[in-house]
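**Q** Final position of the sequence shown in the working numbering is 568; the numbers increase by one with none missing. Here a beta-carbon is modelled for each residue, glycine too, at the ideal position from N, C-alpha and C.
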Amino acid sequence: MSEKINEKNMVCEPQAEWGGSWTERKLEAFGKYVSAYLTIMRKHPYLKTIYFDGFAGCGDRKSGTDTELYHELLITDEEERLYQGAAERVLDLKNELSFDYHYFIDTDKEALDKLESKLYKYQCGKNPFQFRQGDCNEHIATLAKAMRDPSKKLASLVLIDPFGMHINWKSIEELKDTRTDIWILIPTGVIVNRLLDRKGELKNFQILESFFGLSKDEIKDMFYKTELKETLFGAEEVVQKVNKPIEKIAEFYTQRLKTIWKFVTEKPLRLENTRGVPIFHFVFASNNPTGVKIASQIIDKAH
Ligand SMILES: C[S@@+](CC[C@H](N)C(=O)[O-])C[C@H]1O[C@@H](n2cnc3c(N)ncnc32)[C@H](O)[C@@H]1O
Numbered sequence: 266m267s268e269k270i271n272e273k274n275m276v277c278e279p280q281a282e283w284g285g286s287w288t289e290r291k292l293e294a295f296g297k298y299v300s301a302y303l304t305i306m307r308k309h310p311y312l313k314t315i316y317f318d319g320f321a322g323c324g325d326r327k328s329g330t331d332t333e334l335y336h337e338l339l340i341t342d343e344e345e346r347l348y349q350g351a352a353e354r355v356l357d358l359k360n361e362l363s364f365d366y367h368y369f370i371d372t373d374k375e376a377l378d379k380l381e382s383k384l385y386k387y388q389c390g391k392n393p394f395q396f397r398q399g400d401c402n403e404h405i406a407t408l409a410k411a412m413r414d415p416s417k418k419l420a421s422l423v424l425i426d427p428f429g430m431h432i433n434w435k436s437i438e439e440l441k442d443t444r445t446d447i448w449i450l451i452p453t454g455v456i457v458n459r460l461l462d463r464k465g466e467l468k469n470f471q472i473l474e475s476f477f478g479l480s481k482d483e484i485k486d487m488f489y490k491t492e493l494k495e496t497l498f499g500a501e502e503v504v505q506k507v508n509k510p511i512e513k514i515a516e517f518y519t520q521r522l523k524t525i526w527k528f529v530t531e532k533p534l535r536l537e538n539t540r541g542v543p544i545f546h547f548v549f550a551s552n553n554p555t556g557v558k559i560a561s562q563i564i565d566k567a568h
């Protein structure tokens, strides 16, 4: 995948390349949750259910630049052939249950068009699938507004599945006090940890700030320690990054989610590269204790 930090130190969106068994583990866990969710929601027929896929993609990848990250995340041709994105899996679940409304969001028009033609065969309900081009952050605000309308009686399952740090904390906050269950892919090892440089200079602090919804100093306090060390020239401040920073990022994001949802999976699904290094964490949050119990069981089995 070509998710990378470019010359201007900006985080770039990958060229629709993804994969590896970590992708499979992520989507398998998500698929299991969707099945359980729809089964439970059957007992609440007065609620209309929404599936909101904020970074829908098109379910396949095109070749991209030959970067270090690409090699880290690359899947085999066989895996790619078998690859079925989240949207298709949700619709392909072998049961009669389905959501009332489906929203697929992506900034990439081409990817959305491709997805639309792929999903055409699944369209059978009374509400046509909605394919919306644009920034997920903006569409979440629209979703949240609808969710807050008590007359609409909505429950939503939201999938936030970007490779980068595109989801702003402000957008996540919009979903507070709504009947929303959410799965979020956090690029803990592959991006966030790289932005938290060893010396704590935080050149990309704006990206970190909008991602965590905190100030540069608050982020620094969380991931760095400052000590005074005696040197030949007197006392000097030495900045040190915390131990196990990738796990710490996952823990920290989990804590942040707890300020929005009542229940968050304590142990997110840890997704590793072929060398066993964690690259992403997949975390779940809900205001429903049953939801988090089921998600935690799914994660435990997937580890
Ligand atoms: C990792 S892929 C999605 C994978 C997909 N969920 C699946 O299971 O196959 C990420 C997608 O997010 C889209 N994207 C990037 N930034 C976005 C944004 N701010 N809002 C919505 N979509 C975005 C990209 O165009 C890309 O298609």
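#1: Can you determine whether any heavy atom of ligand 1 sits closer than 7 Å to the C-beta of residue 324, and answer yes or no?
#2: Taking only three categories from DSSP, how would you classify residue 297?
#3: Buried or exposed: residue 291, going by 16 or more other Cβ atoms within 10 Å of its Cβ?
#4: Taking 7 Å as the cut-off, is the CB of residue 431 close to at least one heavy atom of ligand 1?
#5: The beta strand (DSSP E) with residue 492 in it runs from where to where?
#6: Any idea what DSSP makes of residue 328, helix, strand or coil?
#7: By how many angstroms is the C-alpha of residue 407 removed from the C-alpha of residue 358?
#8: For the segment 505-515 against the segment 550-558, are there 3 or more C-beta pairs whose distance is under 8 Å?
#9: Give the straight-line distance between the Cα atoms of residue 555 and residue 308, rounded to the nearest whole angstrom.
#10: Taking 7 Å as the line, does the beta carbon of residue 373 fall inside it for any heavy atom of ligand 3?
#11: Cα separation between residue 418 and residue 405?
#12: Going by C-alpha distance, which of 420, 453, 460 is nearest residue 443?
#13: How about the segment 392-401 and the segment 359-373: do they share at least three Cβ pairs that are nearer than 8 Å?
#14: Is it buried or exposed, residue 530, if we count other Cβ atoms within 10 angstroms and call 16 or more buried?
#15: Identify every residue that forms a DSSP beta bridge with residue 445.
#16: So what's residue 475 in DSSP terms, helix, strand or just coil?
#17: Tell me the rounded alpha-carbon separation between residue 501 and residue 485.
#18: What residue does the alpha helix (DSSP H) around residue 561 start on, and which one ends it?
#19: Would you please state the rounded distance, in angstroms, between the beta carbons of residue 528 and residue 424? I believe it to be under 8 Å.
#20: Taking its Cβ as the centre, do 16 or more other Cβ atoms sit within 10 Å of residue 392, making it buried, or is it exposed?
#21: Buried or exposed for residue 543, please, with buried defined as at least 16 other CB atoms from any protein chain shown within 10 angstroms of its CB.
#22: Please state whether DSSP places residue 385 in a helix, a strand or coil.
**A** Here's the rundown:
#1: Correct: residue 324 has its Cβ closer than 7 Å to ligand 1.
#2: helix
#3: buried
#4: Set against 7 Å, the gap from the CB of residue 431 to the closest heavy atom of ligand 1 is smaller.
#5: That run of the beta strand (DSSP E) goes 489-496.
#6: For residue 328, the predicted structure reports a pLDDT of 44, less than 50, and the residue's modelled location is therefore unreliable. The matter cannot be settled from this model.
#7: 27 Å
#8: Contact between the segment 505-515 and the segment 550-558 is not established, with fewer than three Cβ pairs separated by less than 8 Å.
#9: 13 Å
#10: Although ligand 3 was asked about, the structure shown includes only ligand 1 as ligands.
#11: 17 Å
#12: 420
#13: yes
#14: buried
#15: As DSSP reads the structure, residue 445 sits in a beta bridge with 421.
#16: Reduced to three states, the DSSP call for residue 475 is helix.
#17: 18 Å
#18: 554-567
#19: Rounded, the Cβ-Cβ distance is 18 Å, inconsistent with contact.
#20: Exposed.
#21: Buried, by the Cβ-count rule.
#22: Judged by DSSP in its simplified three-state form, residue 385 adopts helix.
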